[in-house]
Amino acid sequence: MEPTAGLRERKKAETRQAIHKATLRLAVERGLDHVTVDDIVEAANISRRTFSNYFGSKEDALLYGEEERVRFLVRAVRERPAGESGWQALRGAVRDMLEDMGELDREWAVRTALTKRHPSLLARQLANHAALERDLVQAIGERDRPGDPAADLKSRIMAAAFLVALRIATHVWIEEQEARPLSQIVEQALDQLAQPFR
Numbered sequence: 451m452e453p454t455a456g457l458r459e460r461k462k463a464e465t466r467q468a469i470h471k472a473t474l475r476l477a478v479e480r481g482l483d484h485v486t487v488d489d490i491v492e493a494a495n496i497s498r499r500t501f502s503n504y505f506g507s508k509e510d511a512l513l514y515g516e517e518e519r520v521r522f523l524v525r526a527v528r529e530r531p532a533g534e535s536g537w538q539a540l541r542g543a544v545r546d547m548l549e550d551m552g553e554l555d556r557e558w559a560v561r562t563a564l565t566k567r568h569p570s571l572l573a574r575q576l577a578n579h580a581a582l583e584r585d586l587v588q589a590i591g592e593r594d595r596p597g598d599p600a601a602d603l604k605s606r607i608m609a610a611a612f613l614v615a616l617r618i619a620t621h622v623w624i625e626e627q628e629a630r631p632l633s634q635i636v637e638q639a640l641d642q643l644a645q646p647f648r
């Protein structure tokens with residue numbers, strides 16, 4: 451029974467990913483306002499009912515990849531060894547994410563950036579980032595003297611600085627046209643921040 455359940459979950463993940471990729475491609479080609487769920491269904495070669503089983507809207511489908519990375523990163527921070535500081539857990543988690551989920555494809559990053567300029571996505575993207583920051587603050591705060599107001603402030607600053615470093619590293623990587631691996635630029639950006647958090 452276990453192998454069947456595992457296969458079923460893999461197939462679901464593949465279907466979600468296929469719908470996400472079709473939505474992303476169409477949004478870049480036509481603009482999100484000119485993409486319907488029916489267009490996505492046709493491009494992904496699925497039924498409308500299948501689409502509805504996985505996503506509530508085209509916006510859900512478009513942002514799926516980013517939101518999946520967010521969930522992975524928070525989970526990875528929480529699963530890091532207990533003896534690590536908050537900063538060590540953040541750095542280890544981003545390494546785990548890039549290793550397990552794979553480095554971003556430059557074309558994907560550029561296309562995603564273009565589509566997220568759409569007004570209906572901006573508010574949701576900002577809400578996602580605020581939730582990620584809040585979850586990271588909680589995850590690292592549990593490691594660094596929980597309940598201590600000074601440690602709480604440090605956790606907030608650390609989580610915000612960490613996310614800014616990831617954003618800047620991604621922009622640099624795009625600007626350099628993938629001359630270096632994203633993981634290398636991320637490490638370099640985090641090295642610049644590391645001293646105050648040790």
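Numbering of the sequence shown is given in this note's numbering, commencing with residue 451 and proceeding in unit increments. For every residue, glycine included, the Cβ atom is placed at its ideal position computed from N, Cα and C. What you are looking at is a predicted structure, and each value in this text was computed from that prediction instead of being measured.
With distance defined between alpha-carbon atoms, name the residue in the options nearest to residue i.
{"i": "Ile618", "options": "Leu603, Gln634, Ser507 and Leu512", "result": "Gln634"}
{"i": "Glu518", "options": "Gly542, His579 and Ser502", "result": "His579"}
{"i": "Val544", "options": "Leu632, Lys604 and Gln588", "result": "Leu632"}
{"i": "Arg528", "options": "Gly591, Ala563 and Glu626", "result": "Gly591"}
{"i": "Val636", "options": "Asp550, Trp623, Ala629 and Asp598", "result": "Trp623"}
{"i": "Gln642", "options": "Glu625, Ala615 and Lys508", "result": "Ala615"}
{"i": "Ile602", "options": "Ala611, Phe612, Leu613 and Val587", "result": "Reading off the sequence shown, one finds Asp at residue 602, where the question assumed Ile. Out of Ala611, Phe612, Leu613 and Val587, Val587 has the C-alpha closest to the C-alpha of Asp602."}
{"i": "His484", "options": "Leu548, Glu509 and Trp558", "result": "Glu509"}
{"i": "Asn503", "options": "Thr562, Ile469, Asp546 and Leu640", "result": "Ile469"}
{"i": "Ile496", "options": "Arg480, Lys462 and Leu482", "result": "Lys462"}
{"i": "Ala472", "options": "Phe501, Pro599 and Arg460", "result": "Phe501"}
{"i": "Arg593", "options": "Glu625, Met547, Leu572 and Gln538", "result": "Gln538"}
Kindly indicate the opening and closing residues of the alpha helix (DSSP H) around residue i.
{"i": "Thr500", "result": "Arg498 to Tyr504"}
{"i": "Arg431", "result": "The displayed coordinates of the chain run from 451 to 648. Any statement about residue 431 would go beyond what the structure contains."}
{"i": "Val487", "result": "Val487 to Ala494"}
{"i": "Ser535", "result": "Premise fails: Ser535 is in no alpha helix (DSSP H) and is neither H nor E."}
{"i": "Leu616", "result": "Pro599 to Glu625"}
{"i": "Gly591", "result": "Pro569 to Gly591"}
request  = Check whether the region 499 to 514 touches the region 555 to 573, counting contact only when three or more Cβ pairs, one atom from each stretch, lie closer than 8 angstroms.
outcome  = Segment contact: the region 499 to 514 against the region 555 to 573, three or more CB-CB distances shorter than 8 angstroms; contact assigned.
ask   = Given 8 angstroms as the limit, is there contact between the region 485 to 499 and the region 465 to 476, that is, 3 or more CB pairs closer than that?
value = Short answer: they touch.
query = Are the region 520 to 537 and the region 581 to 589 in contact at 8 angstroms, needing three or more beta carbon pairs?
reply = A contact exists between the region 520 to 537 and the region 581 to 589.
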